[in-house]
Ligand SMILES: [Ca+2]
Ligand SMILES: [Ca+2]
Ligand SMILES: [Ca+2]
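Numbering (our numbering), first residue to last: 1 to 262.
Right, here's the structure in full:
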C-alpha cells in the first residue's frame, strides 16, 4: 500500500504538470509594455507630462502617419529635462534576445517637411539591466557635422534613442511591435551580448553646457534640441517603450519551484 506521503507527492507532481501545460503556450511569446517606472530624476526645465505621470509613459506609442506632426499631448509624453533620466521596469516579463530588435523606444521627434534624412532630435543614452543594479550601456556615437552638414542630419547620430519619427498609434493600426513600420528607435540585445534584460534606463544627453556628454568620437553630443530647449519640455520627451521579444518572468520562478520539488 502506498503511503499517504507518496500519494501526496504524486498529487503535487500532477498539479505541477497541469501548471506547465497551462503555461507552455505562453512561453517565448507575448509582446509587452513596461509595468512601472522605477526611477525618474528630471533635469532642469522638465515638467511637461508630469501631471499624467507615470501613465503617460506606460502605454502604447501615440505617433502619427505624418512624421512632421508628432504627438505633443502632455498626457502621453514626459519631458526628462536637461540631463534627466528615467528607468522603466518590466516585472511580468523578461525582454529576451530574439531575432532582430528586441525593444523599441519612442520619443516625439519631428521630420522637417520633405527631408526624410533629417530629424529634430532630442536624444537619450540607453542602458539595460537584468537586476536594476548592474547596467550595460548600448553603444552610441555622435559625430559633429562641422561645416559639412547640419545637426538635423540623422547620420550624425547612432545608438541613441529619440532620433526617428513615430508612426504607430493605437488608432491607426500600425503595430508598435513591428519595428519595420512602427517608427521610433529599435534596439537589439545582441549589440551588448545579453540574452535578457528587465530594466531600461534613458538618460538625456544634456547640452553643450554644464551637462555635456562627450561621445566616443570626441564630439560633445549636440542634438538639435539643444538649440531650442524651452521649459517645461527640455530634453528627451518619452512617449513609450515596448518589448518585442519576451518570456514570462513567472516561468523562471516556477522553474525554481520545480527544481526544489525534484
Ligand atoms: Ca535581438
Ligand atoms: Ca522631442
Ligand atoms: Ca523636449
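Every residue gets a Cβ at the ideal spot worked out from N, C-alpha and C, and that includes glycine.
Closer than 6 Å to some heavy atom of ligand 2: that describes the Cβ of residue 122. Under the 10 Å beta carbon count, residue 181 is surrounded by fewer than 16 other beta carbons and is classified as exposed. The beta carbons of residue 240 and residue 81 sit no closer together than 7 Å.
With a cut-off of 6 Å, the C-beta of residue 64 is classified as distant from ligand 2, since no heavy atom of the ligand falls inside that distance. With a 10 Å radius around the Cβ and a threshold of 16 neighbouring Cβ atoms, residue 108 comes out buried.
Closest in alpha carbon position to residue 145, among 153, 77 and 63, is 153. Membership of residue 214 in any beta strand (DSSP E) is not indicated, and neither H nor E is assigned to it by DSSP.
A direct Cα-to-Cα measurement between residue 161 and residue 83 gives close to 14 Å. Annotation: residue 138 is outside any beta strand (DSSP E) and is labelled neither H nor E by DSSP. For ligand 2, no non-hydrogen atom lies closer than 6 Å to the CB of residue 226. The beta carbon of residue 216 sits closer than 6 Å to those of 141, all from its chain and outside the five residues before and after it, given in chain order.
Residue 183 carries a strand assignment under DSSP once its states are collapsed to helix, strand and coil. Between the alpha carbons of residue 193 and residue 139 lies a gap of roughly 11 Å. Nearest Cα to residue 41 within the set 31, 204 and 170: 204. Contact annotation: the segment 42-59 does not touch the segment 95-106, with fewer than three C-beta pairs closer than 8 Å.
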